[in-house]
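Input: a single structure, listed below in structure tokens.
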Amino acid sequence: MKTKGKSWIAFLLIILLIGFFGYAGAYGIKIFNAYEILPFSSVITRGLDLQGGVSVVEEITTDDGEVKSEDLEKTKNLLSLRVNKMGVAETTVATEGSNRIRVDIPGKFESNSIIDTLTKTGELKFVGPDNEVILTGKSIKNATARPGQTGEPLIDLEFNDEGVEKFREATQKYIGQKISIYMDEELLTAPVVKAVINDGKAVIEGSKSLEEAKTQAGVIQSGSLPVTLKTVSVKTVGPTLGSNAIPSSLKAGMVGVAIIFIFMISIYKVPGILGDIALITYILLVLYIFAALGVVLTLPGIAGFLLTVGMAVDANILIFERTKEELKLGKSVKSSIDAGFHRALSSIIDSNTTTMIGGLVLYFFGSGAVKGFAITLMIGILVSMFTAITMTRTLVKLWVNMGMLNKPSLFGVRKRG
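The sequence shown begins at 1 in UniProt numbering and counts up by one.
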């Protein structure tokens, strides 16, 4: 009786949690006016194809025709700084191939002004507290980020011959004061001068993280980057596509999920209901992961997500079919469930592993929309394995302990006459 009572309590808690997070994801919720969970529509980033905007592809050219990977990364950081300065949220700056950078700017439709902003020559300046320009990016020889002895993020600066003398004079003049570093009038960092620098090698402290330090170092280095940007592609996407696509996708998804629910219940009876609960959990988990990771949702991404819903159901079907086979052999309900999950596990892992490999190939060798599809596909695969193997099994075992799932007929298995 104790086991039965505990199982009832555990099951009801699971249902309450699913209901709570489902409502919060759909409508948002405030907790004691101190915490707030925003709805998925507010926190999941929509791609360019869903809200319209401009997509620009820039190609890097150099004097010797060779583009180094570090130059590509530094240029990407510089372009990120520029598009973020436009005040546009949800911009995407990504490398394509070995010498191209794609910039997606949602909500903007004036491509000429955007191209001018992206391709202009950047100006890096070191400015003293009296607003005097000490030196420019032409004096930078190298800038790299690294962790310090205690793990704090640091940026190592090295100046060329021209910059060594200028920086020595500046550190003598402004010791104990701040020297601000600007890129295109955007303040990158403002370290305090703690000593006179005579050898042209300085260390900048104060970055919040090593990742931020790497970005700042890349932008500082790019102030003297000998590359030229050439616009090779400009695509303007109207906002009407997204306004039509999102409702249509939601409708298709709801119809598809509803059909799956009916199918599972009609074929597998009570376990089908539990499989549907696990499927709802799967959908919520994926959407919350999208929000947490900042996944940019595109039309191909929606397609990948809906595809994984079917794959999540497929895992449950394998488990329930194996369980039914064991029940038909005359085994008890508990032993049939254990054997069904055990026998289905290898098939689930094999099928999901092959799909995962395909997703990895699409992600690393694809670009743009293909990557969006691959990301949602891979996240969906991992979550579907968790919900099928863990969530479905937990729910089924709880119902067995509750005494609600103790007959083969409840699995859709008829006794032999």
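Positions of the beta carbon are idealized from the N, C-alpha and C atoms, including for glycine.
Does DSSP classify F320 as helix, strand or coil? helix
| What are the boundary residues of the alpha helix (DSSP H) that includes F167? | 161-173
So is E326 buried or exposed if we call it buried at 16+ other beta carbons inside 10 Å? buried
Whole-number beta carbon distance between G200 and G163, since they are thought to touch under 8 Å: 6 Å
*Ends of the beta strand (DSSP E) at T136?*
133-136
Quiz prompt | Opening and closing residue of the alpha helix (DSSP H) in which D350 lies | solution = 333-365
Original post:
What are the residues that DSSP puts in a beta bridge with L187?
Top reply: Y182
- [ ] Under 7 Å Cβ to Cβ from Y27, same chain only, skipping five residues before and after it: list those, please.
- [x] P39
#### Entry: Where N244 sits in the DSSP three-state scheme
helix
Are there 16 or more other CB atoms within 10 angstroms of the CB of R414, so buried, or fewer, so exposed? exposed
Identify whether R393 lies in helix, strand or coil by the three-state DSSP scheme. helix
Taking 8 Å as the cut-off, does the segment 385-398 touch the segment 9-25 (at least 3 CB pairs, one atom from each stretch)?
yes
- Task: Can you give me the Cβ contacts of G340 inside the same chain, cut-off strictly under 6 Å, excluding the 5 residues immediately before and after it?
- Result: I319, R322, T323, E326
In angstroms, rounded to a whole number, what distance separates the CA positions of D104 and F365? 19 Å
- From the DSSP output, read off the bridge partner residues of M92. Checking the sequence shown, residue 92 turns out to be Thr, not Met. DSSP, once it has assigned bridges, lists D104 as partnering T92.
Does V255 have its Cβ less than 8 Å from a Cβ in chain B?
-> Absent from the structure is chain B; it holds one protein chain and no more.
Could you check where the beta strand (DSSP E) with V237 kicks off and where it finishes? 228-237
**Item:** Inter-residue Cα distance where the pair is R100 and N160
**Value:** 29 Å
Excluding sequence positions up to five away, which residues of its chain have a Cβ less than 6 Å from the Cβ of G87? Bear in mind that the predicted position of G87 carries a pLDDT of just 49, short of 50, making it unreliable; the figure below should be weighed with that in mind. Nothing listed; no residue qualifies.
| Using the beta-carbon count (16 or more within 10 Å), is S135 buried or exposed? | Correcting the residue identity first, residue 135 is Leu in this sequence and not Ser. Classification for L135: buried.
Please name the residue in S409, W399, F126 whose C-alpha comes closest to that of K4. W399
Original post:
So, using beta-carbon positions, are V192 and V257 closer together than 8 Å?
Top reply: no
- Between P271 and F411, is the Cβ-Cβ spacing less than 8 Å? yes
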